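Worksheet for the structure shown next.
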Amino acid sequence: MTAPTTVRSAHLTRMPAKEALAAVHAARGPRDVVVTTMTPARDWMLLPPHPLDLVLVPSAMGSAPSIGLGLALAQPDRRVIVCNGDGSMLMNLGALVSVAAAGPANLVLIVFINGTYEVTGSQPVPGAGLVDYAALARAAGFESVHAYASLDAWRDDVRRRVAEAGPTFVALEVEPVYGQPGPKSPGPARERARRFMEALRG
Amino acid sequence: MFTGEEIAELLEQLGITHVVTVPDSTIGRWQPAIERRGRLRLVRVCREGEAWQVAAGLHLGGATPIVLIQCTGLLESGDAIRNALHDFGLPLFAIIGYRSYLDQGTLPGDTCLVFTEPTLDAWKIDYRLITEPSQLDEIGEHWTACRDAGVPGAILLAEGTA
């Protein structure tokens, strides 16, 4: 599949999405919760699993930041890292305001921006290449906002970003990948929810 | 029908930890009383589908949330309900304001009265309709029954004049 010509990019450089996600995987602490959805979920499942992974497949599209907010409020002593896509973020932009208003210091929201609905065949998202997600987050009330287009810069900073007092918003400009299938559920969702809750209690 | 103090006290007695809400003109008036309760945290969200998702995260994290929305918001919550209640099997509970049930003077022919209860049935949410102030205790009784059964539930609270 070739790249849709209608996708515009305001960025000359983008980082490989899988490597950007692998940097998060390497930086997460053993007590940290990681919520993934859509393309980040597909790629996260290629990495070694952890009992505190919450793979939102199937999902209600756009729900990851909201579920992350609930988890962060319920578990204030744990870091909650949400790996979201730009299409998913657009579907629930109000969550930026809800998160900032609630203000959980332990929540990190990372948006992987590839300009496409990758899992449905890489159709462009509205405003692809035009939307400034970091500016949206700032305007919604996030005080800790960071944006990266360079993998080296992201690797240098990722541990600091997932450890800082938040809520933290990170925008990662990543390369779209064309022709890849969407994520498959790693197993029955009810059973995974039960195991996840047990892991949190442990 | 109920004061904020009555509802806040009830929620606290039930062990609710977080009230995730988008207000309407009835349930929104409960917010000050809820916020005065030290053991209840009010979580304001921007749309009702988000309320179910935040409640899902709270439940997964070991808290005891309740969703507090109007029936119009129930109608926009479908995919969030499907995923949280039926994919992940989370027994979330909601209090849902039933617009115009007691008084159609403001919105004659309000179609909320047509679609709300069939929607709850479609989503397999066990609900109780509350139409009288004397039914306050039924809220806690139904919440407890749903909790013990591990199933989703709701209170459909008639709004208008009462």
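In order, the protein sequences belong to chains D and P.
With numbering that gives the first Met the number 0, letter number 20 in the first sequence gets 19, and the count goes up by one each step, no holes.
With numbering that gives the first Met the number 0, letter number 110 in the second sequence gets 109, and the count goes up by one each step, no holes.
Built from N, CA and C at the ideal position, the CB exists for glycine as well.
Since the model is a prediction, treat every value here as computed from it, not as a measurement.
Beta bridge counterpart(s) of residue i as assigned by DSSP
i      : result
Q69/P  : G96/P
T35/D  : V54/D and C82/D
D125/P : G152/P
Q122/D : Y116/D
P64/P  : H17/P
Residue i in three-state terms, based on DSSP
i      : result
R191/D : helix
N83/D  : strand
E172/D : strand
P132/P : helix
V19/P  : strand
R7/D   : Unreliable positioning characterises R7/D in this predicted model, as indicated by a pLDDT of 43, which lies under 50. The coordinate reading is nonetheless provided below. Coil.
T167/D : strand
R13/D  : coil
Y132/D : helix
W43/D  : helix
A157/P : strand
R77/D  : coil
T1/D   : Confidence at T1/D is low in this model, with a pLDDT of 45, below 50, so its placement is unreliable and the value that follows should be read with caution. Note: T1/D maps to coil in three-state DSSP.
T25/P  : coil
H85/P  : helix
G3/P   : helix
Q179/D : coil
R30/D  : coil
Q103/P : coil
Residue interval of the alpha helix (DSSP H) (run including residue i)
i      : result
H58/P  : E47 to L59
I138/P : L135 to A148
V23/D  : A16 to A26
R154/D : L150 to A162
P31/P  : Q30 to R35
G77/P  : G77 to I80
L95/D  : G93 to A101
Boundaries of the beta strand (DSSP E) in which residue i is found, first to last residue
i      : result
F111/D : L106 to I112
S143/D : S143 to Y147
V42/P  : R40 to R43
CB contact check: residue i to chain B, cutoff 8 Å
i      : result
A148/P : Here chain B cannot be found, since the structure's protein chains are D and P.
Between the region 45-52 of chain D and the region 61-81 of chain P, are three or more C-beta pairs nearer than 8 Å?
no
Please name the residues in the region 74-93 of chain P whose beta-carbon is closer than 8 Å to at least one beta-carbon of chain D, in chain order.
D78, A79, R81, N82, A83, D86, F87, G88 and L89
To be precise: take each residue of the region 37-60 of chain P, compare its Cβ to all Cβ atoms of chain D, and keep it if any distance is under 9 Å. Which residues remain?
R40, V42, R43, V44, C45, R46, G48, E49, A50, W51, Q52, V53, A54, A55, G56, L57, H58, L59 and G60
Between the region 120-134 of chain P and chain D, which residues of the former have CB atoms less than 7 Å from a CB of the latter, in chain order?
none
Members of the region 183-198 of chain D that neighbour chain P once the beta carbon cut-off is set at 7 Å
A188, R189, A192, F195 and M196
At a cut of 8 Å, does the region 185-198 of chain D reach the region 52-66 of chain D through at least three beta carbon pairs?
yes
Between the region 92-101 of chain P and the region 103-123 of chain D, are three or more C-beta pairs nearer than 8 Å?
no
I want to know whether the region 163-170 of chain D touches the region 129-139 of chain D - three or more CB-CB distances under 8 Å.
yes
Report yes or no: do three or more beta-carbon pairs, one from the region 26-40 of chain D and one from the region 13-20 of chain P, lie closer than 8 Å?
no
Cβ-based contacts, 7 Å cut-off: residues of the region 89-106 of chain D near chain P
N91, G93, A94, V96, S97, A100 and A101
May I ask you to verify whether the region 43-56 of chain P touches the region 74-83 of chain P, counting CB pairs closer than 8 Å and requiring at least 3?
yes
How about the region 15-35 of chain P and the region 57-64 of chain P: do they share at least three Cβ pairs that are nearer than 8 Å?
yes
Chain-ordered residues of the region 9-35 of chain P with a beta carbon less than 9 Å from chain D:
T16, H17 and V19
Chain P contacts from the region 18-34 of chain D (Cβ-Cβ distance under 7 Å)
none
Does the region 61-78 of chain D come close enough to the region 89-102 of chain D that 3 or more CB-CB pairs lie under 8 Å?
yes
Which residues, taken in chain order from the region 62-74 of chain P, show a beta carbon closer than 8 Å to some beta carbon of chain D?
A62 and P64
Does the region 179-186 of chain D touch the region 33-49 of chain D, meaning 3 or more C-beta pairs lie closer than 8 Å?
yes
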